[in-house]
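Novice: In order, the protein sequence lines correspond to chains A and B. The first sequence maps to residues 0 to 340 in numbering that gives the first Met the number 0. The second sequence maps to residues 0 to 528 in numbering that gives the first Met the number 0. We put the CB at the ideal spot given by N, CA and C, even for glycine. Before I ask anything, here is the structure I am working with.
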Amino acid sequence: MHSFKKILRTSLLFLLIIAVISVALMEAYFRSERDYFQDGSERAALAGTLDTVFLGASHAYRAFDPTVIDPILGTHSYNLSGALMSMRSRLLLLQEEVSRNPVKTVVLEVSFNTMSRVRRNEGIEGDLYTMSRLDRFSDRVSFFFGFYFDEWPDVYYKFVSEGVNVLASRIKGQFVQKKGDRRFGFVPTGPGNYKFTDNYQSIYRTRWKWINESVDEENLSCLDQITALCKEKNIELILVTTPISKEQLCSYGDYDVPYRWYCQYAEAQGLRYVDFNLYKEKETLFPDSEMFFDTLHLNTEGAERFSRLFAELEQRMRSGEDLSDQFYDSYAGLAETWGLQ
Amino acid sequence: MSILSVTFLLFVAGLLIVYYLVPKKIQWCVLLAASMLFYCLGGWRSVGFVIGTALVSWACALGIQKKADAQKAYLKEHKADLDKAQKDAYKTQMKRSRRRLLMLCLVFCVALLAFFKYTRFLLAQFGAESSAFGIWADDAIRLLLPLGISFYTFQTVGYVVDVYWGKVKAERNPLKVLLFTSFFPQITQGPISTWSDLACQLFAEHRLDYTNYVRGAERMIWGFFKKMVVANIVAGYVKDVFTNYPQYAGLTALAGAFYYSVQIYADFSGYMDIVCGLCQMLGIRLTENFDRPYFSKSVAEYWRRWHSSLGAWFKTYIYYPIAVSRWNQRLGKWAKQRLGKAFGDYLPATLALVLVWFTTGLWHGASWAYIAWGGVNGLFIIVSMWMERPFAKVKNLLHINESAWLWRAFQVLRTFILVTFIKVLPEVGTLRQGLGLWKRIFTEHTIPASLGRLLPFATDHAAFFAAAFGIVLMFAVSLLQRKGSVRELLERRVPYVLRLLLFAVLFFLIVYFGVPASGGIGGFLYAQF
């Protein structure tokens, strides 16, 4: 018994030392220079004022600019999106904001692979970004346990290594707190240097990528929970597909599969769904080489233009105007107008 | 299940809890269950082979024991009735039947080992592609290759031979023999224990002991540090040099060879520290495999201090039986009469050593490179044995003081260089490539203008310095070990909390440097043998 007590004391003390150092490194990590890691405190300061939130992956992170949208709609919005953000992360961030803000509108970005992406296969990166956006230590700890068990060492390693790197750069006096051009969660990309093609016919003919049709159960469950939460709190939930480049649209197989799925889901749940790739003026407003950073993400100018378009159309829809004639019915119809075969 | 995984640590934590909670009489059953679980997680398809080997060994050993007991009882009972000739005839008859059982066991175990390890090599020698023999000769061998077959085969063979020689009593319980065969800390890379060393500890009752627990845990952390920080970082450099040696200058190739010596020591001894530490936490003292081998003064001494359990096995079960066999002794006498005293003294031992090093080479790998590696090792040991007397005369003539530290340092350095050259021979790839690296080391001796040119592979400076720090630390620990256990020294000299902090620092070094280095090079070198 004496040995047992001594062993217990030594083990606990050792674990305590490890835990204290780990927490210190984790805090250093969360205060490092990544854009994402700095908005937890900003959102905490805005608590009680936000009435609109944008949720999504990198398409949305680079698309919804609250500083453009708010003056038009008269809202106080925040862009909660982040690269590789899983549906579960969107749910958790939404829960956090809904619990402390009078949220009236949630704009949920859904793209061609949002529902078919499998978090298990994508690795920890997206969830790490989300974790770093959580403001409270306890929330991060509980989020940590949401990672798959075999991912724990990688997550822990990420904390330790990044934390040590930040501490080392601080000790060397080389640490720079990167304060990018952040606008309530929206971070502009800059112009980008992707070389877009104009030979769409050739891409369309040889399109080799096909959209995975199966909907991941975990994604569906999280989407259902987001819908239920919005209904419970009397929040309007709008599903939005942000514009992607024409080159990207030509290179995939059948965008109508996810499009139809979102239409049916929205109809069944009584939600609005807007796909901006099917907006008839899309090609005129968002030419690839001028408005896109790469094939999937809008550049700064594109994001500003899209944010304005989104806000204006939203305003008109809220006033009861029917805008369905401004959108194509399907991607097949869109391809037809492009003359692609 | 990889030993370098969180799953393994949780497995160990669970085992420790259950092991010390259950009644002490069934602690060995917990070890058996854990070993089977560990084995199944490593490849359930081959679990039948380890069970089969254990059962055959158990049955043969028991049969041998029964015959030996029966012989003893018969002779005791008929002490007065039998004359010497009758007794001798009976003994011979019984010995023959015991030997049949021993041979049965040896053939079974060695045939399995040979099938899995050497089929492809043998087929290649006869110009046959293994794939021509269908799935069984290629994919199935790879698929079914039992985890640790080289290690557990030698261990069980040693047990049955010991029973045959009457050194130990055969175990009646087959499950106990199965535990001895499959004890998970040692199944993948040894040490190869004898029944008399290990069994009494496996089946003894163990109390939770603070000193064992703490020292075991400390040793495990040290082992993880050696493997993950030193061996795995250095492994990247070694791989680079071994792959690209034709493009590198001689000195860079030489540095790569020395790094390999560091890597294999940190890798293998790191593993031993992990498993010995784990066993110490369980109250079990595992046979030690290393005794600061790079401080050896000759190749023969090096092999007594490096992987010593394997060396002891070869010595006990191959070297001695051959060296003292009747035909070999007769050969020695013949050589003494015809060729002189030196021949008479050394020839039997030389023949035994040739066989030992041939089999040692084959045991390490089924390739000509490993056979050559065994041959070169054997050659150095045999030559130094034959030259012992002439060398002694030369040393006398030159008035060399063998106890002077400078002479000892020279011997240590010479041995380290020799074993490094021998070690790399089979590791580059084929024998031709191994010889190619040797050649490269002795060509193009331009002195690099900077450390970066000398070690072009060390691009990550932080990792390089971490490995260098680890190497210096390992060297310092080895020096301190001359005076006794470093952990005991720490206990005496370093305050409790500071000691915990020290191991916490090691823990974070492992996470920071070891985890990325272990990404692609997670396995242990000796597991391939």
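Kindly give me the distance between the Cβ atoms of P190 (chain B) and S308 (chain B), rounded to whole angstroms, as I take these residues to be in contact under 8 angstroms.
Specialist: Residue 190 (chain B) sits at position 191 when you count from the first residue of the second sequence. Residue 308 (chain B) sits at position 309 when you count from the first residue of the second sequence. At roughly 4 angstroms, the Cβ-Cβ gap stays under 8 angstroms, so P190 (chain B) and S308 (chain B) are in contact.
Novice: Helix, strand or coil for N78 (chain A), going by three-state DSSP, please let me know.
Specialist: What you label residue 78 (chain A) is simply residue 79 of the first sequence in a count that begins at 1. In this structure, N78 (chain A) counts as strand in the three-state DSSP scheme.
Novice: Is N211 (chain B) near Q262 (chain B), with beta carbons less than 8 angstroms apart?
Specialist: If you number the second sequence from 1, residue 211 (chain B) lands on position 212. If you number the second sequence from 1, residue 262 (chain B) lands on position 263. Result no, Cβ atoms of N211 (chain B) and Q262 (chain B) do not sit closer than 8 angstroms.
Novice: Once the 5 residues before and after I63 (chain B) are set aside, which same chain residues still bring their CB inside 6 angstroms of it?
Specialist: In the second sequence, the residue the question calls residue 63 (chain B) occupies position 64. Taken in chain order, the residues that qualify are R97, L100, V162 and Y163.
Novice: Chain A partners of Y18 (chain B), CB-CB under 7 angstroms?
Specialist: If you number the second sequence from 1, residue 18 (chain B) lands on position 19. In chain order: nothing, as chain A lies at least about 13 angstroms away.
Novice: Could you check the C-alpha separation between K168 (chain B) and V22 (chain A) for me, to the nearest Å?
Specialist: Here the question's residue 168 (chain B) lines up with position 169 in the second sequence. Here the question's residue 22 (chain A) lines up with position 23 in the first sequence. Cα-Cα distance, rounded: 56 angstroms.
Novice: Start and end of the alpha helix (DSSP H) containing E266 (chain A)?
Specialist: Taking the first sequence and counting its residues from 1, the one referred to as residue 266 (chain A) is at position 267. Where E266 (chain A) is concerned, the enclosing alpha helix (DSSP H) stretches over D255 to Q268.
Novice: Along the chain, which unbroken stretches of the alpha helix (DSSP H) at least 4 residues long are found entirely within the segment 293–330 of chain A?
Specialist: Counting only runs of 4 or more, we get 299–317.
Novice: Could you tell me the distance, in whole angstroms, from the CA atom of I6 (chain A) to the CA atom of L488 (chain B)?
Specialist: The sequence position of residue 6 (chain A) within the first sequence is 7, counting from 1. The sequence position of residue 488 (chain B) within the second sequence is 489, counting from 1. Looking at the two C-alpha atoms, the distance is approximately 20 angstroms.
Novice: Which residues in chain A have a C-beta closer than 7 angstroms to the C-beta of D208 (chain B)? List them in chain order.
Specialist: What you label residue 208 (chain B) is simply residue 209 of the second sequence in a count that begins at 1. Result: S2.
Novice: For chain B, is any of its Cβ atoms less than 8 angstroms away from the one on F13 (chain A)?
Specialist: Walking along the first sequence from the start, residue 13 (chain A) turns up at place 14. F13 (chain A) counts as touching chain B.
Novice: Can you give me the Cβ contacts of L144 (chain B) inside the same chain, cut-off strictly under 6 angstroms, excluding the 5 residues immediately before and after it?
Specialist: Position 145 of the second sequence, counted from the start, is the residue given in the question as residue 144 (chain B). Same-chain partners within the cutoff: F115.
Novice: Report yes or no: is there a C-beta of chain B within less than 8 angstroms of the C-beta of Y147 (chain A)?
Specialist: To locate residue 147 (chain A), count along the first sequence from 1; it is residue 148. No - not a single Cβ of chain B is within 8 angstroms of the one on Y147 (chain A).
Novice: To the nearest angstrom, how far is it from the Cα of F132 (chain B) to the Cα of Y38 (chain B)?
Specialist: The residue labelled residue 132 (chain B) in the question sits at position 133 within the second sequence. The residue labelled residue 38 (chain B) in the question sits at position 39 within the second sequence. Confidence at F132 (chain B) is low in this model, with a pLDDT of 49, below 50, so the placement of that residue should be treated as unreliable; the coordinate-derived value is given next. Straight-line Cα distance between these residues: approximately 29 angstroms.
Novice: Which runs of the beta strand (DSSP E) spanning at least 3 residues fall entirely within the segment 47–98 of chain A, listed in chain order?
Specialist: Here the runs fully enclosed are 51–54 and 76–78.
Novice: From this set, B:L361, B:R218, B:Y258 and B:I380, which residue's C-alpha is nearest W302 (chain B)'s C-alpha?
Specialist: In the second sequence, counting from the first residue as 1, residue 302 (chain B) sits at position 303. Of B:L361, B:R218, B:Y258 and B:I380, the residue nearest in Cα terms is B:I380.
Novice: If you check the beta carbons only, do V298 (chain B) and S192 (chain B) fall under 8 angstroms apart?
Specialist: By 1-based counting over the second sequence, the position of residue 298 (chain B) is 299. By 1-based counting over the second sequence, the position of residue 192 (chain B) is 193. No, these two residues do not count as a Cβ contact at 8 angstroms.
Novice: Compare the C-alpha of V102 (chain A) against each of A:I170, A:L49 and A:V140 and name the closest.
Specialist: Residue mapping note: residue 102 (chain A) aligns to position 103 of the first sequence, counting from 1. Per the Cα distances, A:L49.
Novice: Can you tell me whether H1 (chain A) is buried or exposed? The criterion is at least 16 other CB atoms within 10 Å of its CB, across all chains shown.
Specialist: Taking the first sequence and counting its residues from 1, one reaches residue 1 (chain A) at position 2. Under this definition H1 (chain A) is an exposed residue.
Novice: Please report the residue range of the beta strand (DSSP E) in which D223 (chain A) lies.
Specialist: Here residue 223 (chain A) refers to the residue found at position 224 when the first sequence is read from its first residue. Looking at the DSSP string, D223 (chain A) is not in any beta strand (DSSP E); the run it does join, the alpha helix (DSSP H), is E216 to E231.
Novice: Taking the alpha helix (DSSP H) that L281 (chain B) belongs to, which residues open and close that run?
Specialist: Numbered from 1 along the second sequence, position 282 holds the residue referred to as residue 281 (chain B). L281 (chain B) -> no alpha helix (DSSP H), and no H or E assigned at all.
Novice: Report buried or exposed for L450 (chain B), applying the criterion of at least 16 other Cβ atoms within 10 angstroms of its Cβ.
Specialist: As a position in the second sequence, residue 450 (chain B) is number 451, starting the count at 1. By the 10 Å Cβ count, L450 (chain B) comes out exposed.
Novice: Enumerated in chain order, which unbroken segments of the beta strand (DSSP E) with a length of 3 residues or greater are wholly contained in the segment 492–523 of chain B?
Specialist: Counting whole runs of 3 or more residues, the segment 492–523 of chain B contains no beta strand (DSSP E) stretch at all.
Novice: Please state whether the Cβ-Cβ distance between A62 (chain A) and G125 (chain A) is less than 8 angstroms.
Specialist: Reading the first sequence from its first residue, position 63 is the one you call residue 62 (chain A). Reading the first sequence from its first residue, position 126 is the one you call residue 125 (chain A). Not a contact, by the Cβ cut-off of 8 angstroms.
Novice: Report buried or exposed for L338 (chain B), applying the criterion of at least 16 other Cβ atoms within 10 angstroms of its Cβ.
Specialist: The residue given as residue 338 (chain B) occupies position 339 in the second sequence. By the 10 Å Cβ count, L338 (chain B) comes out exposed.
Novice: Can the beta-carbon of T240 (chain A) be found less than 8 angstroms from the beta-carbon of S76 (chain A)?
Specialist: As a first step, residue 240 (chain A) must be located in the first sequence, where it is residue number 241. As a first step, residue 76 (chain A) must be located in the first sequence, where it is residue number 77. Against a cut-off of 8 angstroms, the Cβ pair of S76 (chain A) and T240 (chain A) comes out as no contact.
Novice: With distance defined between alpha-carbon atoms, name the residue in A:D328, A:L297 and A:R304 nearest to S57 (chain A).
Specialist: Position 58 of the first sequence, counted from the start, is the residue given in the question as residue 57 (chain A). Among A:D328, A:L297 and A:R304, the Cα nearest to that of S57 (chain A) is on A:L297.
Novice: Are the segment 169–187 of chain B and the segment 470–490 of chain B touching by the rule of at least three beta carbon pairs closer than 8 angstroms?
Specialist: Short answer: they don't touch.
Novice: If you drop the 5 nearest sequence neighbours on each side, which residues of the same chain put their C-beta closer than 7 angstroms to that of Q200 (chain B)?
Specialist: Numbered from 1 along the second sequence, position 201 holds the residue referred to as residue 200 (chain B). Closer than 7 angstroms at Cβ, skipping near neighbours: I283 and R284.
Novice: Can you list, in chain order, the residues of its chain with a C-beta nearer than 8 angstroms to that of G571 (chain B)? Leave out the 5 residues immediately preceding and following it.
Specialist: Because residue 571 (chain B) is not part of the residues shown, which for chain B are 0 to 528, the question remains open.
Novice: Under 6 angstroms Cβ to Cβ from T286 (chain B), same chain only, skipping five residues before and after it: list those, please.
Specialist: Against the second sequence, residue 286 (chain B) aligns to sequence position 287. These residues qualify, in order along the chain: P190, S192, D196 and S308.
Novice: May I ask which residues mark the beginning and end of the beta strand (DSSP E) holding Y272 (chain A)?
Specialist: The count along the first sequence starts at 1 and reaches residue 272 (chain A) at position 273. Element bounds for Y272 (chain A): R271 to D274.
Novice: Any C-beta of chain B within less than 7 angstroms: which residues of the segment 16–27 of chain A qualify?
Specialist: Listed in sequence order: I16, I17 and I20.
Novice: Could you list the residues in the segment 128–156 of chain A with a C-beta less than 9 angstroms from some C-beta on chain B, going in chain order?
Specialist: Against chain B - using a Cβ distance shorter than 9 angstroms - the residues of the segment 128–156 of chain A are F148, D149, W151, P152, D153, Y155 and Y156.
Novice: Quick check: what's the CA-CA separation for P245 (chain B) versus F441 (chain B)?
Specialist: Sequence index remark: in the second sequence, residue 245 (chain B) carries index 246 (1-based). Sequence index remark: in the second sequence, residue 441 (chain B) carries index 442 (1-based). Distance between the alpha carbons of P245 (chain B) and F441 (chain B): 12 angstroms.
Novice: What are the residues in the segment 103–123 of chain A lying within 8 angstroms of chain B by C-beta distance?
Specialist: Residues passing the 8 angstroms Cβ filter: none.
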